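There are 2 protein chains.
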Amino acid sequence: MLQTPPAVPGMREDEIDTPALVIDLDAFEYNLDHMTALVSAAGVKLRPHAKTHKSPVIAKMQMARGAVGSCVQKVAEAEVLAWGGIPDILVSNEIVGATKLARLCALSAVAKVAVCVDDAAQIAWIEQAAAASGRRMTVLVEIDVGGARCGIEPGPAAAALAKTIATSKHLIFGGLQAYQGSAQHRRTVTERQALSTAAADAVHRTLDALHAHGLACPLVGGAGTGTFELEMAARALTEIQAGSYLFMDADYARNLDAAGQPVSTFRHALFVLSTVMSAPQSGRAVLDAGAKAVSMDSGLPTVWGKPDLEYVNFSDEHGKLDVASESTMPVLGEKLRLVPGHCDPTVDLYDWYVGVRDGRVECLWPVAARGATA
Amino acid sequence: MLQTPPAVPGMREDEIDTPALVIDLDAFEYNLDHMTALVSAAGVKLRPHAKTHKSPVIAKMQMARGAVGSCVQKVAEAEVLAWGGIPDILVSNEIVGATKLARLCALSAVAKVAVCVDDAAQIAWIEQAAAASGRRMTVLVEIDVGGARCGIEPGPAAAALAKTIATSKHLIFGGLQAYQGSAQHRRTVTERQALSTAAADAVHRTLDALHAHGLACPLVGGAGTGTFELEMAARALTEIQAGSYLFMDADYARNLDAAGQPVSTFRHALFVLSTVMSAPQSGRAVLDAGAKAVSMDSGLPTVWGKPDLEYVNFSDEHGKLDVASESTMPVLGEKLRLVPGHCDPTVDLYDWYVGVRDGRVECLWPVAARGATA
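Quick mapping for you: the protein sequence lines, in order, are chains A and B. With positions in the first sequence counted from 1, the corresponding number in the numbering used here is that position plus 591. With positions in the second sequence counted from 1, the corresponding number in the numbering used here is that position plus 591.
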């Protein structure tokens with residue numbers, strides 16, 4: 592079952608049923624526009640990651656501002672975007688399994704689709720699926736630029752995979768995937784800079800090896816919200832894949848800029864609206880938003896605009912607040928905005944976004960690819 | 592959108608698309624039967640918590656084995672169960688908000704429904720909603736038996752609330768809610784025993800106060816999978832509300848019995864099936880199940896039946912395994928069962944259960960109340 596929408600356009604924010612996933616539309620549009628300005632100034636393309644928002648509605652807003660398409664991590668996400676009208680989708684991840692590959696090949700009839708590999712066996716499986724579907728598939732080589740997660744070793748090994756793709760009958764070599772995930776949340780610019788420089792070096796080493804094989808590299812994708820400015824400056828990437836810049840979250844807000852201050856490039860635009868649901872007692876209040884309403888994987892949420900209230904503990908359906916002073920005790924039924932610790936898995940808990948501007952509900956958008964983990 | 596079912600009955604387990612939420616049906620039925628035997632022997636009623644499974648199909652199996660109904664935490668969960676044919680539902684939680692209360696009152700036309708309060712204001716709001724709907728609602732008083740989350744102080748304050756309910760025109764006093772959530776995952780029996788004894792004392796104190804008001808108490812509900820045997824022995828509760836016993840999880844498996852051994856009352860019956868999706872390298876492998884496939888709020892998942900493999904790190908769509916020896920390196924495409932750290936919020940990430948027996952898919956059941964946080 593899908594959940595009932597928690598609001599109707601025109602309602603006041605305090606009339607929204609909770610827990611609800613709320614977008615501050617002014618902050619959200621600022622983030623969209625500001626990212627467009629930054630990548631345009633750097634002369635780099637933007638292919639935002641839809642794993643953050645899971646919405647063709649939002650992907651279209653990004654494309655209307657110049658994005659070349661979307662990234663996704665999963666075939667099921669690619670389906671939702673393609674069926675929703677997004678014409679150019681990169682699965683920035685390895686896809687293993689005959690069912691998934693058959694679905695991906697079929698999808699290439701309605702959108703331009705590309706996928707990544709880091710092993711020769713994956714290439715053989717995609718070739719087989721592409722041949723069976725009668726289509727040619729575009730395949731990128733993912734290189735490990737320092738994150739030690741997926742990706743083949745940069746340089747000759749990666750170039751050898753690219754050669755295998757290029758010589759496969761139903762495949763096209765599409766370029767390199769070079770995402771340094773472990774750099775995104777390092778707190779200081781110095782750390783993020785060192786990892787971004789190393790990632791760029793790994794890309795250049797691989798481009799040299801591709802050149803030695805006589806292979807052109809039409810695309811090099813990577814970077815996230817934590818590193819994209821450093822990676823644009825390093826000039827190894829042709830496409831930026833940041834996603835979280837749209838919404839920001841409590842964990843990204845802990846990254847520091849060169850002056851040692853919290854990074855302020857983008858604004859908090861995503862909130863979980865929650866209600867004080869149990870009689871507040873001296874020093875504590877209980878909210879209706881716990882681990883099923885806010886993802887706790889990157890730390891607890893913070894309470895927006897209420898420095899006296901601290902979200903200190905959770906259970907599945909409850910969040911406990913410490914209240915610093917009696918004069919700021921919230922009242923039963925009061926609604927509070929939480930800033931999620933991590934936006935991506937929090938979005939994945941909801942069926943609906945509620946867009947708010949000037950205290951009123953302006954729109955409802957489905958989280959169309961919620962649960963699209965396959 | 593709902594997600595495509597990851598399997599078809601009759602398939603082999605290794606043909607299931609991943610990540611998938613898999614029930615080992617033999618272990619699951621063992622857990623169902625074993626709990627029935629334990630509560631029957633103690634002469635206590637069982638009202639299992641449906642926040643764990645979110646499924647009318649499973650709630651019916653529990654009732655077929657003697658359960659008196661289901662507990663839920665949210666109105667949206669109550670709706671899914673009532674619409675799915677469950678006749679007796681206790682919302683073991685406070686419900687605040689006019690929309691939610693109107694929905695709850697309307698639902699009482701198709702099922703017996705009760706709800707909890709811990710404040711006089713909530714009673715007034717429920718009275719108002721009940722009057723507007725032309726129905727009488729059953730209301731329990733939640734007492735704080737030591738968890739310091741929701742609940743009014745046990746004793747006279749609680750009895751005063753009960754009196755307010757009993758004298759409200761459209762309300763019926765239904766009993767006490769006495770759940771000690773913070774006792775469930777204490778590791779030693781000594782700790783769990785002390786907290787359970789204190790909880791029982793709080794119930795008895797409140798029953799005395801109710802008696803002084805001349806109020807009968809038809810129901811006292813509480814206990815979870817971590818404490819129900821101790822709480823049955825303490826004889827303060829008329830209904831046991833355990834939920835996780837159905838599935839168990841990695842965190843409950845860290846509780847110890849009187850001999851200092853991991854508690855073995857129930858079996859692990861819930862798994863996330865995942866695939867090795869990236870080329871395994873010396874000492875590491877990458878799975879397709881990260882924070883969007885397994886809830887990380889109570890610790891990382893464990894790898895079932897593979898002591899040499901340790902799930903050590905996650906990102907949104909990836910899980911990283913440390914591999915202790917080269918001889919046990921998993922291969923690309925291999926499927927592994929994970930035991931979730933916490934079953935309840937993990938279930939909430941999926942649209943489908945896949946029931947497996949003897950290596951074959953036997954059934955698919957919808958997680959009908961997935962995302963029912965309102």
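From the three backbone atoms N, C-alpha and C, an ideal C-beta is built for every residue, glycine too. Just so we're clear, the structure is a prediction, and the values are computed from it rather than from any experiment.
Contacts of residue i in chain A (Cβ-Cβ under 7 Å)
i, result
"Arg-638/B", "The contacting residues do not exist; Arg-638/B stays about 17 Å from chain A at best."
"Asp-935/B", "Asp-907"
"Lys-665/B", "Glu-908"
"Val-877/B", "Arg-740, Cys-741"
Per-residue DSSP class, three states only, for residue i
i, result
"Asn-846/A", "coil"
"Val-687/B", "coil"
"His-640/B", "strand"
"Gly-746/B", "coil"
"Arg-603/A", "strand"
"Cys-741/A", "coil"
"Thr-679/B", "In the sequence on display, residue 679/B carries Asp and not Thr. If DSSP states are grouped into helix, strand and coil, Asp-679/B belongs with the strands."
"Glu-733/B", "strand"
"Arg-875/B", "strand"
"Gly-946/A", "strand"
"Gln-852/A", "coil"
"Glu-953/B", "strand"
"Leu-762/B", "strand"
Cutoff 8 Å: residue i Cβ touching any chain B Cβ
i, result
"Arg-740/A", "yes"
"Thr-818/A", "no"
"Lys-651/A", "no"
"Met-874/A", "Before going on, a small fix: residue 874/A reads as Gly here, not Met. So no, Gly-874/A is outside the interface."
"Leu-672/A", "no"
"Asn-684/A", "yes"
"Lys-691/A", "yes"
"Lys-911/A", "yes"
Proximal chain B residues relative to residue i, where beta-carbon distance stays under 9 Å
i, result
"Gly-962/A", "Met-592, Leu-593, Gln-594, Lys-883, Leu-940, Tyr-941, Asp-942, Arg-961, Gly-962"
"Thr-797/A", "Within chain B, no residue comes near Thr-797/A; the closest Cβ sits about 16 Å away, beyond 9 Å."
Residue i versus the options, residue with shortest Cα-Cα distance
i, options, result
"Val-704/A", "Phe-838/A, Arg-694/A, Asp-840/A", "Arg-694/A"
"Tyr-944/B", "Leu-801/B, Asn-904/B, Pro-957/B, Thr-937/B", "Pro-957/B"
"Ile-717/B", "Leu-637/B, Ala-757/B, Ala-749/B", "Ala-757/B"
"Arg-778/B", "Ser-916/B, Gly-910/B, Tyr-843/B", "Tyr-843/B"
"Thr-919/B", "His-761/B, Met-823/B, Gly-874/B, Arg-951/B", "Gly-874/B"
"Leu-837/A", "Asp-608/A, Pro-639/A, Pro-596/A", "Pro-639/A"
"Leu-927/A", "Arg-726/A, Leu-806/A, Leu-878/A, Arg-961/A", "Leu-878/A"
"Leu-847/B", "Val-930/B, Val-780/B, Ile-677/B, Ala-611/B", "Val-780/B"
"Thr-908/B", "Ser-683/A, Gln-594/A, Leu-593/A", "Per the sequence shown, the amino acid found at residue 908/B is Glu instead of Thr. Of Ser-683/A, Gln-594/A, Leu-593/A, the residue nearest in Cα terms is Ser-683/A."
"Val-613/A", "Val-599/A, Arg-727/A, Met-652/A", "Val-599/A"
"Gly-766/A", "Ala-721/A, His-795/A, Gly-746/A, Gly-812/A", "Gly-812/A"
"Arg-961/A", "Ala-915/B, Ala-884/B, Asp-888/B", "Ala-884/B"
"Phe-862/B", "Ala-870/B, Asp-840/B, Val-794/B", "Asp-840/B"
"Met-652/A", "Val-666/A, Leu-637/A, Lys-665/A", "Leu-637/A"
Partners in chain B for residue i, counting only beta-carbon separations shorter than 7 Å
i, result
"Gly-772/A", "Ser-906"
With 16 other Cβ atoms within 10 Å as the buried cut-off, status of residue i
i, result
"Gly-896/A", "exposed"
"Gln-852/A", "exposed"
"Ala-628/B", "exposed"
"Ser-631/B", "exposed"
"Val-701/B", "exposed"
"Asp-735/A", "buried"
"Glu-917/B", "exposed"
"Lys-760/A", "exposed"
"Pro-936/A", "buried"
"Ala-849/A", "exposed"
"His-804/B", "exposed"
"His-859/B", "buried"
"Ala-720/B", "buried"
Within chain B, the residues that residue i reaches when beta carbons sit closer than 8 Å
i, result
"Pro-931/A", "In chain order: nothing, as chain B lies at least about 12 Å away."
"Pro-610/A", "Thr-964, Ala-965"
"Pro-597/A", "Ala-965"
"Leu-923/A", "Val-687, Asp-710, Ala-712, Gln-713"
Interface flag, residue i vs chain A, CB-CB below 8 Å
i, result
"Ser-918/B", "no"
"Met-868/B", "yes"
"Ser-787/B", "no"
"Val-894/B", "no"
"Ser-886/B", "yes"
Under 8 Å from the C-beta of residue i: neighbouring residues of chain A
i, result
"Ile-743/B", "Ala-870"
Residue-level contact to chain D via CB, residue i, 8 Å cutoff
i, result
"Lys-642/B", "Annotation note: the requested chain D is absent from the structure, which comprises protein chains A and B."
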